[in-house]
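Participant:
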Amino acid sequence: MVEIRKAVRKKAKLRLGIAAPSGAGKTYSSLLLAFGLGQKVGLIDTEQGSGDLYADLGDYDIIQIEAPYTIDKYLQAIKAFEQANYDVIIIDSLSHAWAGDGGLLDKQGKIADSGKGNGYTAWRSITPEHNALVNTMLASPCHIIATMRSKQEYVLQVNDNGKQAPKKVGMAPIQRDGMEYEFTVMFDIDINHNATSTKDRTRLFDGKIFKITSETGEQLLAWLNNGVTKEQAEVNNFKEKTSNVSSLDELQKLFAISFNNLRGCSEQEEVIEHYNQLKIKLSEGENNETV
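Sequence positions in the sequence shown follow numbering that gives the first Met the number 0 and run 0 to 290.
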């Protein structure tokens, strides 16, 4: 059955990507941003212990991942922080899961070289692993910040002295093509630590050049919280759908759906109360018709 409902912006958890060349400040920026989002911050460190270099910035905990950078290690680290009720999880960096030793590209190449199948067959076994990582990030009850290394190249630019000099710039993030589409916000950071948004569903940073601070996280948190909870949206949807019901049978079907969707939630009581009120009205109406 096709359902038509009003668009409602719900409270959400952040899914943010940061892409930058080496030395641009991915780890530093992601930590500052995380401190603006929540008090309990966990860092998944694949960068050879670089996460410990910024311990002076604030309080955060680390899970170290070393090669081989298998998807299973990432999934275990994310789940560990989730089960310990962390507010924010930083994955630093997501690029190793793709292009690192033991990452998906490495695994795909070994399958193809083994003679067990061609490149297409190898990708068919790799894609489910990639999707599992993406789905775990999207479904997480924590805010997720994922850093990615950018492919680098040098371009000639005029410096302050009016002479041309080579400058390192970041290009596309080192991850599977289209990975940036999975995030609510995608920031690029240049070698001078300036950030721009290449994707921004919040519209807070469109067209701006800025440096990431804890205030950036606070801005995002305010936007994320400026909506109704998923549970309250279910209550509102139930009330709207039942506003014009004409039979007890129709009311009971709608009630059963919302009651089940709110199982274990305090908002279930509001649905029960509204259901009972409408049930009385409809019962009285049917009795009057019978008389």
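The beta-carbon is built from N, C-alpha and C at its ideal position, and this holds for glycine as well.
Do E268 and E230 have their beta-carbon atoms positioned less than 7 Å apart in this structure?
Facilitator: Result no, Cβ atoms of E230 and E268 do not sit closer than 7 Å.
Participant: Can you grab the Cα-Cα spacing for the pair A145 / N134, in whole Å?
Facilitator: Cα to Cα, the separation comes out at about 14 Å.
Participant: Could you tell me how far apart the beta carbons of K12 and C141 are, in whole angstroms, since I believe they sit closer than 8 Å?
Facilitator: Rounded, the Cβ-Cβ distance is 6 Å, consistent with contact.
Participant: State yes or no: is the C-beta of I89 within less than 7 Å of the C-beta of A33?
Facilitator: Yes. Within cutoff.
Participant: Measuring CB to CB, does I43 end up less than 7 Å from A76?
Facilitator: The answer is yes: Cβ separation under 7 Å.
Participant: Since S94 contacts R148 with CB under 8 Å, what's their CB separation in whole angstroms?
Facilitator: With 8 Å as the limit, S94 and R148 qualify as a contact, their Cβ atoms being about 4 Å apart.
Participant: Quick check: the Cα distance between A255 and E249, rounded to an integer number of angstroms?
Facilitator: Each residue's Cα considered, the two are about 10 Å apart.
Participant: Count the CB pairs spanning the stretch 181-192 and the stretch 0-9 that are closer than 8 Å, and state whether there are at least three.
Facilitator: Output reads no: the stretch 0-9 does not touch the stretch 181-192.
Participant: According to DSSP, simplified to helix, strand and coil, what is I271?
Facilitator: I271 falls in the helix class under three-state DSSP.
Participant: Express the C-alpha separation of L219 and P20 in angstroms, rounding to a whole number.
Facilitator: Distance between the alpha carbons of P20 and L219: 24 Å.
Participant: For the beta strand (DSSP E) that S94 lies in, which residues bound it at each end?
Facilitator: Taken as a continuous stretch (DSSP letters only), S94 belongs to no beta strand (DSSP E), being part of the alpha helix (DSSP H) at S94 to A98.
Participant: Consult DSSP for D44 and reduce its assignment to one of helix, strand or coil.
Facilitator: Of the three classes helix, strand and coil, the one that applies to D44 here is strand, per DSSP.
Participant: In three-state terms, what does DSSP make of R14?
Facilitator: Strand, per DSSP.
Participant: Determine contact between the stretch 191-198 and the stretch 207-216, defined as no fewer than three beta-carbon pairs at a distance below 8 Å.
Facilitator: Judged by Cβ distances under 8 Å, the stretch 191-198 makes contact with the stretch 207-216, as three or more pairs qualify.
Participant: Under a three-way DSSP split, which group does F209 fall into?
Facilitator: Strand, per DSSP.
Participant: Helix, strand or coil, according to DSSP, for A164 in the structure here?
Facilitator: Three-state result, A164: strand.
Participant: Consult DSSP for I70 and reduce its assignment to one of helix, strand or coil.
Facilitator: Note: I70 maps to helix in three-state DSSP.
Participant: Could you check what DSSP says for H192 in three-state terms: helix, strand or coil?
Facilitator: Here H192 sits in coil by DSSP.
Participant: DSSP on P172, reduced to helix/strand/coil?
Facilitator: Residue state, collapsed to three classes: strand.
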